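Residue numbers (the numbering used here): 27 to 302.
Taking it in order: structure first as structure tokens, then the write-up.
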Ligand code: NAD
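This is the structure in structure tokens:
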């Protein structure tokens, strides 16, 4: 079975660098699909309250028999839960659905500037961490426009989970994160199936190495020290994506993929400024 690399977060905890995301996994199918992901060897699952599938993830965890300390489970608080009381309630609901007494990482899902400051919610997440309900805390979609307000609290996130793939590399957000030793989790690491990465630079590298374009793309993320959790409902792709941990790119390959960045024009999903 593939060995999955781990990273150390700025709070001293370790995280499997390659995991499995369940965005858009049908709640009715989630237990089966996450069970298959565990069988493939994944130990890190990324879900969110808004995905509606925490219960399925929880059932798969319970049925797996995998010791709790070998799993890394992330969930996220949704945009309509702001302030201390709501954050506490949301955390409790997620834990109940997951059937867990703690998660490994709890994230504010979006900054939602239209909904007011996220600071009270963020400070509450820090309290929930002190109480042991989550081991680590972080943010999601807090690019360079939104992370400074979080940093001003003096509570540094362990991760920032942002859209990031070869044509949208979020240089300003990643540089700011690096200054504070915040790990980047790249969501949509394969471009969510909305970008053709199978031809051109990535396709050529894949052909030379005898691997798939998805494996090259994931190996590029891993080489940069980013955390990824590609989603697939298909077992063969789960295996393929996990095996990306064994793909070695040259410095020239990495530079060629780095050069695919299109800045803001490369974004394929929502701009955090517009999500409320
Ligand atoms: P992704 O880039 O992982 O793309 C998923 C799609 O790529 C799948 O539907 C599948 O069609 C395709 N795919 C997967 N493996 C493939 C392979 N080996 N070959 C060819 N095609 C393949 O996009 P994603 O699912 O949106 O992102 C991954 C995870 O990130 C999500 O499941 C979720 O956990 C997280 N996420 C977080 C946010 C956020 O706002 N925090 C937003 C979106 C996603």
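A virtual CB, placed ideally from N, CA and C, is assigned to each residue, including glycine.
Computed from a prediction, not measured in an experiment: that's the story for all the values here.
Would you identify the three-state DSSP class for residue i, choosing helix, strand or coil?
{"i": "residue 215", "result": "coil"}
{"i": "residue 42", "result": "strand"}
{"i": "residue 141", "result": "helix"}
{"i": "residue 129", "result": "strand"}
{"i": "residue 193", "result": "coil"}
{"i": "residue 279", "result": "helix"}
{"i": "residue 254", "result": "strand"}
{"i": "residue 70", "result": "strand"}
{"i": "residue 220", "result": "coil"}
{"i": "residue 118", "result": "helix"}
{"i": "residue 64", "result": "helix"}
{"i": "residue 164", "result": "strand"}
Taking 7 Å as the cut-off, is the CB of residue i close to at least one heavy atom of the ligand NAD?
{"i": "residue 218", "result": "yes"}
{"i": "residue 144", "result": "no"}
{"i": "residue 66", "result": "no"}
{"i": "residue 123", "result": "no"}
{"i": "residue 39", "result": "no"}
{"i": "residue 263", "result": "yes"}
{"i": "residue 53", "result": "no"}
{"i": "residue 258", "result": "yes"}
{"i": "residue 267", "result": "yes"}
{"i": "residue 215", "result": "yes"}
{"i": "residue 247", "result": "no"}
{"i": "residue 75", "result": "no"}
Rounded to whole angstroms, what is the Cα-Cα separation between residue i and residue j?
{"i": "residue 169", "j": "residue 188", "result": "7 Å"}
{"i": "residue 246", "j": "residue 280", "result": "6 Å"}
{"i": "residue 62", "j": "residue 248", "result": "23 Å"}
{"i": "residue 147", "j": "residue 113", "result": "6 Å"}
{"i": "residue 237", "j": "residue 212", "result": "21 Å"}
{"i": "residue 97", "j": "residue 82", "result": "15 Å"}
{"i": "residue 30", "j": "residue 250", "result": "15 Å"}
{"i": "residue 199", "j": "residue 64", "result": "32 Å"}
{"i": "residue 123", "j": "residue 244", "result": "30 Å"}
{"i": "residue 106", "j": "residue 267", "result": "33 Å"}
Looking only at its chain, what residues have a beta carbon closer than 7 Å to the beta carbon of residue i, apart from the 5 residues adjacent to it on each side?
{"i": "residue 88", "result": "125"}
{"i": "residue 229", "result": "239"}
{"i": "residue 41", "result": "32, 33, 35, 70, 98 and 253"}
Using a Cβ-Cβ cut-off of 6 Å (strictly less than) and excluding sequence neighbours within five positions of residue i, which residues of its own chain qualify?
{"i": "residue 15", "result": "In this structure the chain extends from 27 to 302, so residue 15 is not present and cannot be described."}
{"i": "residue 190", "result": "196 and 212"}
{"i": "residue 86", "result": "57, 60 and 61"}
{"i": "residue 231", "result": "242 and 279"}
{"i": "residue 90", "result": "64"}
Buried or exposed for residue i, going by 16 or more other Cβ atoms inside 10 Å?
{"i": "residue 116", "result": "buried"}
{"i": "residue 209", "result": "buried"}
{"i": "residue 166", "result": "buried"}
{"i": "residue 185", "result": "buried"}
{"i": "residue 272", "result": "exposed"}
{"i": "residue 92", "result": "exposed"}
{"i": "residue 164", "result": "buried"}
{"i": "residue 140", "result": "exposed"}
{"i": "residue 201", "result": "exposed"}
Excluding sequence positions up to five away, which residues of its chain have a Cβ less than 8 Å from the Cβ of residue i?
{"i": "residue 142", "result": "108"}
{"i": "residue 257", "result": "46, 47, 48, 49, 50 and 51"}
{"i": "residue 129", "result": "99, 100, 101, 120, 121, 159, 160 and 161"}
{"i": "residue 287", "result": "192, 193, 194, 195 and 197"}
Is residue i near the ligand ATP, in the sense that its beta carbon is under 7 Å from a heavy atom of that ligand?
{"i": "residue 104", "result": "Within the structure as shown, the ligand ATP is missing, the only ligands being the ligand NAD."}
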